[in-house]
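Input: a single structure, listed below in structure tokens.
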Amino acid sequence: MPLRSLLVYSAATHGLFAGLFVARVGMGILGKQRAAGVVPWWSYLVWAPFHSFTYLYTYFHTLHSEAHGTPVATEVAPGWWIGGRYAHWRMPERRWAATIDLTCEFPEGSIRNTSNYLLTPCWDGVPPTPAQIEEAARLAARACGQGDVMVHCAHGRGRSTTVMLACLVRAGLFSDWRDAFEAEALDTWEARYGTAPYSVSSPRPSF
Numbered sequence: 001m002p003l004r005s006l007l008v009y010s011a012a013t014h015g016l017f018a019g020l021f022v023a024r025v026g027m028g029i030l031g032k033q034r035a036a037g038v039v040p041w042w043s044y045l046v047w048a049p050f051h052s053f054t055y056l057y058t059y060f061h062t063l064h065s066e067a068h069g070t071p072v073a074t075e076v077a078p079g080w081w082i083g084g085r086y087a088h089w090r091m092p093e094r095r096w097a098a099t100i101d102l103t104c105e106f107p108e109g110s111i112r113n114t115s116n117y118l119l120t121p122c123w124d125g126v127p128p129t130p131a132q133i134e135e136a137a138r139l140a141a142r143a144c145g146q147g148d149v150m151v152h153c154a155h156g157r158g159r160s161t162t163v164m165l166a167c168l169v170r171a172g173l174f175s176d177w178r179d180a181f182e183a184e185a186l187d188t189w190e191a192r193y194g195t196a197p198y199s200v201s202s203p204r205p206s207f
């Protein structure tokens, strides 16, 4: 009976989160703290089935990607980095002028090495809103003169690329996101992953 109850709870949990993913809502249900990037203990207890699967999948996906030559973080322009959830593994001592965290399911691993931290919580595969992109781009543009900027999501692909384009344009490195995306490093990134900037239903923000 306990096993059956556990399986039912696990199925119900994943069903709930699948619905939230599709509806693009409910990122705050995991309780991640905006200021510190911490996921509280109760979240791991209440949502154990979701956290267990997400951690295992992301961990082994990262190991697999590294084994096939994909770094956990890439410098796409001088001082501008795109990374995944485990980027801090390979750069534990690096200090960041700004870290833009696009995950809602993982704690921030480099919070102690970051001068400016912005949490923009998104589900994996769900783009941030235009307002969130603009907020992230403005922070990055202000901070880039102080040092390197990291933009990361779980795997360092879709969400990160979308926000990075806005950051590069806002910082004045490119005139618009198309020019930024065609830059050599991001062009190589797109060729490897087939990842184009997410489209959003709301009007595109002015960069």
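Quick note: the sequence shown, position 149, residue 149 per my numbering, numbers continuous. From the three backbone atoms N, C-alpha and C, an ideal C-beta is built for every residue, glycine too.
Simplified DSSP state of residue 38, which is helix, strand or coil: In the three-state DSSP reduction, residue 38 falls in the coil class, being neither helix nor strand.
Entirely within the segment 78-141 and at least 3 residues each: give me those beta strand (DSSP E) ranges in chain order. If only complete runs of 3 or more residues are kept, the segment 78-141 shows the beta strand (DSSP E) at 80-83, 98-103 and 117-122, in order along the chain.
Going by C-alpha to C-alpha distance, which of 150, 47 and 56 sits closest to residue 115? Ranking 150, 47 and 56 by Cα distance to residue 115 puts 150 first.
Alpha-carbon to alpha-carbon, residue 97 and residue 81: The alpha-carbon atoms of residue 81 and residue 97 are separated by roughly 11 angstroms.
Kindly indicate which residue of 46, 127, 52 and 9 has the alpha-carbon position closest to the one of residue 103. Closest by alpha carbon: 127.
In the DSSP assignment, what residue or residues form a beta bridge with residue 151? Beta-bridge partners of residue 151 (DSSP): 82 and 100.
By Cβ distance, which residues of its chain are closer than 7 angstroms to residue 62, with the 5 residues on each side in sequence left out? By the criterion of a C-beta distance shorter than 7 angstroms, residue 62 is surrounded in its chain by 72, 84 and 86, once the five residues flanking it on both sides are discounted.
Any idea what DSSP makes of residue 72, helix, strand or coil? In the structure shown, residue 72 sits in coil (DSSP, three-state: anything other than H, G, I, E or B).
Cβ-Cβ separation, residue 50 to residue 17 (assumed contact under 8 angstroms), whole Å: A Cβ-Cβ distance of about 5 angstroms is found for the pair residue 17 and residue 50, placing them in contact under the 8 angstroms criterion.
Contact between the segment 107-121 and the segment 30-41: three or more CB pairs below 8 angstroms? Put simply, the segment 107-121 touches the segment 30-41. At least three CB pairs are less than 8 angstroms apart.
Is residue 24 helix, strand or coil when you go by DSSP? In the structure shown, residue 24 adopts coil according to DSSP, grouped into three states.
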